[in-house]
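One structure is given below, encoded as structure tokens.
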Amino acid sequence: MNSAPEDDVLHRTESNVSWITLNRPEAMNAVTWAQRERVIALLAEASADPAVRAVVLTATGKGFCAGADLRGAPATGGDRVAGDVARMIRLGAQRLITAVLDCEKPVIAAVNGTAAGIGSHLALACDLVIAAEGARFIEVFVRRGLVPDGGGAYLLPRLVGPQKAKELMFFGDAVPAAEAERLGLVNRVVPAEELQAAAREWAERLAQGPTRALAMTKQLVNASLDGDRAAALAAEATAQEINMATADANEGVASFVERRTPKYLGR
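For the sequence shown, position 40 (counting from the first letter as 1) is numbered 40 according to our numbering, and the numbering increases by one without interruption.
Structure below.
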């Protein structure tokens, strides 16, 4: 398996927060095959590492992610046959978006600039989105005569409703950060120079929270629109059963009874 050069995806862990930074500013951070694999691996590591309790996904330069850059993808060899495109999408864009949705730690997107195509979906798959004032979100696929990939037709209607989702996807117009916030695509808009600090503040707050409870809350919310009420309530009851066995749940209850601030350990 190819791997991204280390400086194409920067990574550090600080204060129990995993910072994943796309770093190809000269290409507006259009994501390569190797970068995608690196991000997926880092999200899986974040899920498995008890020392990581929140994740920030961001980028350098003027673009958050301008879409997919297929240069550097493994050669398929031979002529394309039926099934090749579907397989490429399943193993590529869909795996990337699923890695964000299924990460067991809360993921914050700190969107520094243009998020287009799969880049827009990468941001919208995150649990919380903070955008710089100059950021834009573009469903660019229609401009290329393409169908949206990376779960776009799944994510967008759940955020803005089907009619608005169709408008964004049919026309492919750029949505400025302020409008994205009004539509519910973005949680907060901040001046560009404050983006990293705003993401750090939220991420470190999350990293001090009851990590397992947050993981199960994320899972319940993400699944809530996919099933019926009975399934949602059954999942909620199961999550409560599991969570009540955690140290953080016991600490939360004890701190309430003892009238003190809880100290969560993420366990």
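In this text, a Cβ means the ideal position worked out from N, Cα and C, and glycines have one as well.
Residue pairing from DSSP leaves residue 254 without any beta-bridge partner. The way I'd put it, the stretch 236-243 doesn't touch the stretch 84-92; fewer than three beta-carbon pairs between them come closer than 8 Å.
With 16 or more other Cβ atoms inside 10 Å of its own Cβ, residue 105 counts as buried. Remark: C-beta atoms of residue 159 and residue 185 approach each other more closely than 7 Å.
Around the beta carbon of residue 162, a 10 Å sphere encloses fewer than 16 other beta carbons of the protein chains shown; the residue is thus reported as exposed. Judged by beta-carbon spacing, residue 128 lies beyond the 7 Å limit of residue 36, meaning their Cβ atoms are not closer than that value.
With distances taken between CA atoms, residue 21 lies nearest to 111 out of 44, 111, 82, 45. Its Cα nearest to that of residue 67, the residue 115 stands out among 83, 46, 115. For residue 137, the pairing in a beta bridge is given by DSSP as 115, 175. With contacts defined by Cβ atoms closer than 7 Å, residue 99 and residue 40 form a contacting pair. Annotation: residue 47 is outside any beta strand (DSSP E); the continuous alpha helix (DSSP H) that includes it extends over 33-48. Between the alpha carbons of residue 132 and residue 194 lies a gap of roughly 8 Å.
Looking from the CA of residue 155, the closest CA among 57, 31, 124 belongs to 124. Between residue 53 and residue 9 the beta-carbon gap is near 21 Å, outside 8 Å, which marks them as no contact. Residue 42 holds the alpha-carbon nearest to the alpha-carbon of residue 102 among 247, 234, 42, 257. Residue 48 is positioned such that its CB atom lies no closer than 7 Å to that of residue 55. Taking 7 Å as the cut-off, the beta carbon of residue 141 is found no closer than this to the beta carbon of residue 175. Residue 117 and residue 64 do not touch by the CB rule: their CB atoms are close to 11 Å apart, not below 8 Å. Residues of the same chain with a CB within less than 7 Å of the CB of residue 265, apart from the 5 flanking positions on each side, are 247, 248 in chain order. Residue pairing for residue 13: DSSP places it in a beta bridge opposite 18. With contacts defined by Cβ atoms closer than 7 Å, residue 130 and residue 198 form a contacting pair. Note on geometry: alpha-carbon atoms of residue 170 and residue 148 lie some 10 Å from one another. Judged by their CB atoms, residue 189 and residue 201 are not nearer to each other than the 7 Å cut-off.
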